[in-house]
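**Student:** Here it is, the structure, as structure tokens.
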Ligand code: SF4
């Protein structure tokens, strides 16, 4: 997904393997976390104890 097409493109959620769901309304896009009890964490998420990087994350370096 193009991060520019979603809110808070620098949010950690966009790079998360959770994966987040994008709830679209006519005027907004909400990021729904399927893991945290608080389904809609305050954005942008900068740090998250449940974060796991997506395997296709282009920013992820080799896991050495
Ligand atoms: S686990 Fe954390 S980083 Fe991943 S989608 Fe949920 S809130 Fe975002």
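Residue numbers (my numbering): 31 to 94.
All C-beta atoms in this analysis are idealised placements derived from N, C-alpha and C, irrespective of residue type, glycine included.
1. Does DSSP put residue 62 in a helix, in a strand, or in coil?
2. Name the residue from 82, 54, 60 whose alpha carbon lies nearest to the alpha carbon of residue 73.
3. Going by DSSP, which residues form a beta bridge with residue 46?
4. Counting C-beta neighbours from all protein chains within 10 Å, is the total for residue 54 16 or more, i.e. buried, or is it exposed?
5. So, helix, strand or coil for residue 38, using DSSP?
**Tutor:** Answer, in terms of the structure:
1. Looking up residue 62 in the chain shown gives position 32. DSSP places residue 62 in strand when its eight states are reduced to three.
2. The count along the chain shown starts at 1 and reaches residue 73 at position 43. Comparing Cα-Cα distances from residue 73 to each of 82, 54, 60, the minimum goes to 60.
3. As a first step, residue 46 must be located in the chain shown, where it is residue number 16. Paired residues: 83.
4. Start at 1 with the first residue of the chain shown, and residue 54 comes out as number 24. Per the 10 Å Cβ criterion, exposed.
5. The residue given as residue 38 occupies position 8 in the chain shown. DSSP places residue 38 in coil when its eight states are reduced to three.
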